[in-house]
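Each residue of the sequence shown is one higher than the last, beginning at 1 in full-length UniProt numbering. Before any comments, here is the structure.
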Amino acid sequence: MGDLQTGSKDLTVKKHAGAIHIKNDISCLQRKVWNVLLRTAYEDLPDTTVYEHKITVKDLCEYAGFDSKNTGYLKQALEDLATTKLTWNIIDGAGKHEWGVATALAAAKLRDGVCTYEFSKSLREKLYNPEFYANIDMLILRRFSSGHALALYENVVRYRGVGQTPVLRLSLLRDLLGVASNSSYDEFKIFNRAVIQPAMKEINRVSDIAIEVEPSRERRKVVALQFKVQENSQPSLPIEVESFNNSLLRRLQEDFSLTERQSKDVLVTHSEDRIEAVMRYVGERYKNGQIQQGKIAPYFLKVVKDGDIPMESSFDKERRQQAEASSKATEKKARDEALKQEFAAARAQQVRAAVEALSGEERLELEAEFTEHLLKNRKSLVTYWNKHRFESKLVVTEFNLFVEQRFLPTKDEAFKAFAATRK
Numbered sequence: 001m002g003d004l005q006t007g008s009k010d011l012t013v014k015k016h017a018g019a020i021h022i023k024n025d026i027s028c029l030q031r032k033v034w035n036v037l038l039r040t041a042y043e044d045l046p047d048t049t050v051y052e053h054k055i056t057v058k059d060l061c062e063y064a065g066f067d068s069k070n071t072g073y074l075k076q077a078l079e080d081l082a083t084t085k086l087t088w089n090i091i092d093g094a095g096k097h098e099w100g101v102a103t104a105l106a107a108a109k110l111r112d113g114v115c116t117y118e119f120s121k122s123l124r125e126k127l128y129n130p131e132f133y134a135n136i137d138m139l140i141l142r143r144f145s146s147g148h149a150l151a152l153y154e155n156v157v158r159y160r161g162v163g164q165t166p167v168l169r170l171s172l173l174r175d176l177l178g179v180a181s182n183s184s185y186d187e188f189k190i191f192n193r194a195v196i197q198p199a200m201k202e203i204n205r206v207s208d209i210a211i212e213v214e215p216s217r218e219r220r221k222v223v224a225l226q227f228k229v230q231e232n233s234q235p236s237l238p239i240e241v242e243s244f245n246n247s248l249l250r251r252l253q254e255d256f257s258l259t260e261r262q263s264k265d266v267l268v269t270h271s272e273d274r275i276e277a278v279m280r281y282v283g284e285r286y287k288n289g290q291i292q293q294g295k296i297a298p299y300f301l302k303v304v305k306d307g308d309i310p311m312e313s314s315f316d317k318e319r320r321q322q323a324e325a326s327s328k329a330t331e332k333k334a335r336d337e338a339l340k341q342e343f344a345a346a347r348a349q350q351v352r353a354a355v356e357a358l359s360g361e362e363r364l365e366l367e368a369e370f371t372e373h374l375l376k377n378r379k380s381l382v383t384y385w386n387k388h389r390f391e392s393k394l395v396v397t398e399f400n401l402f403v404e405q406r407f408l409p410t411k412d413e414a415f416k417a418f419a420a421t422r423k
């Protein structure tokens with residue numbers, strides 16, 4: 001079976017150009033899921049003895065760019081793909097066309113955390129044909145948020161080597177971008193403003209290519225478009241819409257000297273498991289003096305992108321997490337104990353201050369009330385009070401408690417307020 005791995009493995013989809021020229025109305029999520037499924041199955045497509053392909057749900061969701069816990073979202077995407085008709089129109093080097101129709105998936109099922117799926121025989125042949133494929137980086141695919149942008153990207157990226165696409169009729173473009181059934185886009189002005197221009201902006205912002213468009217006119221009316229394609233060496237990521245692990249984001253900047261944008265780029269394009277594995281690997285080498293001082297950031301970025309580093313097994317991860325949890329619990333217990341001791345010292349100081357603030361007459365009145373308190377509630381201390389007064393530690397402790405109750409807020413309320421000042 002095809003196997004989608006993390007780490008430095010090839011994450012490029014070898015996507016058949018005929019499959020790219022698809023008339024469909026599938027969503028952005030469905031496109032991402034389908035590309036991941038294709039990458040996983042690709043090497044097995046020509047093998048007629050292999051008709052089922054498998055990928056873990058975790059990997060599928062990770063590379064499609066959504067939460068693996070949202071299985072309902074995934075199930076809906078797979079169900080839609082299994083009922084979506086793909087009408088392809090292959091354009092070969094000689095300009096010849098082949099039309100065909102199939103469903104995006106012949107079947108799909110989820111069981112025990114694994115997705116098993118099938119492509120139809122006719123579609124398998126088209127998907128694998130080595131004469132017509134475009135390389136599509138799945139780390140780029142997961143950045144897209146618009147289905148129109150992703151569909152346009154898939155249809156122009158194959159021409160990056162020649163610098164421009166063929167002249168594409170507007171009717172074909174509407175089919176390829178899944179809006180042919182919406183009559184609102186029959187007028188080029190609306191189609192361009194609502195679909196083409198936003199899609200181009202997203203491609204130029206988040207992908208590895210930059211495109212421009214040249215209209216083709218007949219009798220002053222736009223009837224077709226041609227896209228100029230070039231490399232985009234510094235695509236910007238849609239950082240404002242991402243939800244980041246703030247702990248990892250902070251560590252990437254503080255421990256590995258990455259800028260905020262570099263840190264967010266790493267979090268967008270790599271799994272948290274891989275990032276943490278690279279952190280441990282790079283951190284250990286730096287501590288051992290194997291990384292030049294001041295070079296930890298570029299070294300980290302190189303390893304996280306291309307390095308083949310050892311990943312943790314589930315058993316090792318569980319053991320490490322248990323050790324970290326135990327260490328954190330011990331640290332928390334020590335912090336809590338230190339906080340309690342600090343609070344007790346502050347509380348004692350407040351008691352002394354309250355007593356010292358009393359006049360001589362008020363002090364005598366307080367001690368008389370304390371005597372009554374002992375006779376009523378702590379008779380065992382009366383003898384110590386009469387004989388030793390404040391030289392007895394037992395008496396002093398009881399007296400301080402008595403003063404606390406008379407002059408200070410309750411201990412629970414005071415501790416909460418005190419702890420809040422120490423955060």
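From the three backbone atoms N, C-alpha and C, an ideal C-beta is built for every residue, glycine too. Keep in mind it's a predicted model, so treat the numbers as computed, not measured.
9 Å Cβ cutoff met for Q350 and L401: no
query: In angstroms, rounded to a whole number, what distance separates the CA positions of A368 and A420?
result: 37 Å
message: Relative to the C-alpha of V403, which candidate in A199, I275 and R347 has its C-alpha closest?
response: R347
Simplified DSSP assignment, three categories, for G72: helix
- prompt: Where does F227 fall in DSSP's three states?
  reply: strand
query: The alpha helix (DSSP H) spanning H373 covers which residue range?
result: G360 to N377
query: In terms of residue numbering, what span does the beta strand (DSSP E) encompassing S392 cover?
result: Careful: S392 lies outside any beta strand (DSSP E) and carries neither H nor E.
message: With DSSP as the reference, identify every bridge partner of Q164, one or two as the case may be.
response: K228
task: Return the Cβ separation of residue 435 and H148 in integer angstroms, given the expectation that the two are a contact with Cβ distance under 8 Å.
output: Shown here, the chain extends from 1 to 423; a query on residue 435 therefore has no answer.
query: By a C-beta neighbour count over all protein chains shown, 10 Å radius and 16 as the cutoff for buried, is I55 buried or exposed?
result: buried
- request: Please confirm if the stretch 322-340 is in contact with the stretch 388-395, defined as three or more CB-CB distances below 8 Å between the two stretches.
  value: no
query: What are the partner residues of R169, as DSSP defines its beta bridges?
result: A224
- prompt: Residue range of the alpha helix (DSSP H) that residue 440 falls in?
  reply: The structure shown does not extend to residue 440, since the chain is modelled only from 1 to 423, so the question has no answer here.
- request: On the DSSP bridge assignment, give the partners of H53 in chain order.
  value: Y117
- prompt: With respect to the alpha helix (DSSP H) encompassing E284, which residues constitute its N-terminal and C-terminal limits?
  reply: E272 to K287
query: By Cβ distance, which residues of its chain are closer than 7 Å to E131, with the 5 residues on each side in sequence left out?
result: Unreliable placement is indicated for E131, whose pLDDT of 44 sits below 50; the coordinate value is still reported in the next sentence. None.
message: Do L86 and A102 have their beta-carbon atoms positioned less than 9 Å apart in this structure?
response: yes
- prompt: Comparing alpha-carbon positions, which option in L339, D273 and F256 lies nearest Y299?
  reply: F256
N-terminal and C-terminal residue of the beta strand (DSSP E) that K109 is part of: A107 to R111
query: Measuring CB to CB, does L248 end up less than 9 Å from E260?
result: no
query: Helix, strand or coil: how does DSSP classify V101 here?
result: strand
Inter-residue Cα distance where the pair is K189 and A210: 22 Å
message: Please state the DSSP three-state secondary structure of L213.
response: Reading off the sequence, residue 213 comes out as Val, not Leu. The answer is strand: DSSP assigns V213 an E or B state.
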